[in-house]
Amino acid sequence: MRTWTRKNWFLIGLLAAVVLAWLWPEGGRRGGTLRLEWTGPAAVVVIFFLQGLQLSTDVLIKGILKWRLHLLVQLFIFGLFPAAWLLVEGWLAPLVGPDLAVGFFFLAVLPTTVASSAVYTALAGGNSAAAIFNSTLANFAGVVLTPLWLAGRGFGAAAERGLAPVMGEVALLILVPLLCGQVVRPWVRAWAERAGKLLANGGSALILFLVYGAFANAAHGGVWRVLDAGVMVWAGLLALGLFAVATGGAALIGRRIGFPREDRMVLLFCGPQKTLAAGVPMANLVFASHPALALVLLPLMLYHPIQLFLGGMLLSWLKPKT
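What the sequence shown shows, in the numbering used here, is residues 141 to 462, in sequence order.
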């Protein structure tokens, strides 16, 4: 039990953050005890600085030769996945309501995970170097592409203030800290690699802080009173269906194109996965004034454990037998 708790502390923390927000919304609401309007952006800066310390641009330089694979993986993450949601949005959005529908689109345009996609690829006997390359590239590209996708649909702060101010804020609070982490990394590389788990856990703790703030603000504003259990069930089923369709699509595309097995594993595990680590702070920035930020985040929070659990089940089937 203790081992399971240590291994899954972040998932437990997500649930605890939501419960705490329900019990003590005053602390996390804007203008409340913890002053999320100031501490929230500061947490975003620290999260992306820590990510900059951990992301290895050496991998991008070494892995550039498999450009056809990389192009397909990035196209899947930022093109095919969003397109798949847009194809069904008109039918499915009424089932979950407008705020959750925005959340599902936000989920669709996020980059892939940094850690689990590469780990799953390696354990499945795939090209781990290419997986690390694509997860790193996607998280750099997502700083620009995700806000652009949202602005193109008229979602988030860009709809109110225009694209230029929002992209400037994204650059200041996300891109600049990320690049600063990269600039500092060569001088602290050995320490950053030794302390990788500590840095990752620190970033995860700050993500839980942002989740608490989003849900506390929603609880204070009475958002949950208008969300019934049926909508929650539909949202969970929709997150499950999206992962299943994305995974099936990635498997089919990789096979039809004729990639070798090790490269198909890269597409299979990098394409369908979506990052909570970058998604939560980005939502707190782009949807800062949204009264139902928690509902925008909810699809991502449902999708996260689904991709970990079903990805693990898929891995047990694909893992090379020794």
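Each residue gets a CB set at the ideal place from its N, CA and C atoms; glycine is no exception. Predicted model, so just to flag it, every value in this text is computed and none were measured.
query	result
Since Gly394 and Leu407 should fall inside the 8 Å C-beta cutoff, what is the C-beta to C-beta distance between them, to a whole number of angstroms?	5 Å
Between Ile187 and Pro421, which are expected to be in contact by the criterion C-beta below 8 Å, what is the C-beta distance as a whole number of angstroms?	5 Å
Under three-state DSSP, which class holds Lys414?	coil
Can you name the start and end residues of the alpha helix (DSSP H) that Ser456 belongs to?	Leu433 to Leu458
Restricting to runs no shorter than 4 residues, where is the alpha helix (DSSP H) found entirely within the stretch 291-339?	297-301, 303-310 and 316-334
So the candidates are His430, Asn279 and Leu263; which of them puts its Cα closest to the Cα of Pro108?	Outside the shown range of the chain, which is 141 to 462, sits residue 108, and nothing can be said about it.
In this structure, does DSSP put Asp368 in helix, strand or coil?	coil
Leaving out five residues before and five after Gly353 in sequence, what residues of the same chain have Cβ atoms less than 6 Å from its Cβ?	Gly168, Leu176 and Gly180
Which residue marks the beginning of the alpha helix (DSSP H) containing Val159, and which one marks its end?	Trp149 to Leu163
Under 8 Å, do Gly398 and Leu190 count as touching if we go by C-beta distance?	no
With burial defined as no fewer than 16 other Cβ atoms inside 10 Å of the residue's Cβ, what is the status of Val323: buried or exposed?	exposed
Can you find at least 3 beta carbon pairs, one from the stretch 240-255 and one from the stretch 216-225, that sit closer than 8 Å?	yes
From Arg325 to Arg334, what does the alpha carbon distance come to, in whole angstroms?	13 Å
Is it buried or exposed, Thr409, if we count other Cβ atoms within 10 angstroms and call 16 or more buried?	With the sequence shown as reference, residue 409 is identified as Phe, and Thr is not the correct amino acid for it. That one is buried.
Looking at C-alpha atoms only, which residue of Gln194, Ala332, Leu435 and Pro251 is the closest neighbour of Phe355?	Leu435
Give every residue of the same chain whose Cβ lies closer than 7 Å to the Cβ of Pro439, excluding the five residues on either side of it in the sequence, and list them in chain order.	Leu240, Gly243, Phe244, Leu247, Ala375 and Ala379
Could you spell out where the alpha helix (DSSP H) holding Phe463 opens and where it closes?	Here the chain comprises residues numbered 141 to 462, so residue 463 is not present and cannot be evaluated.
So, for Gly266: in the same chain, excluding its five sequence neighbours on each side, which residues have a beta-carbon less than 6 Å away from its beta-carbon?	Glu402, Met405 and Val406
Just to confirm my understanding: we take Leu151, look at its own chain, exclude 5 residues before and 5 after, and list those with CB closer than 7 Å. What are they?	Pro445
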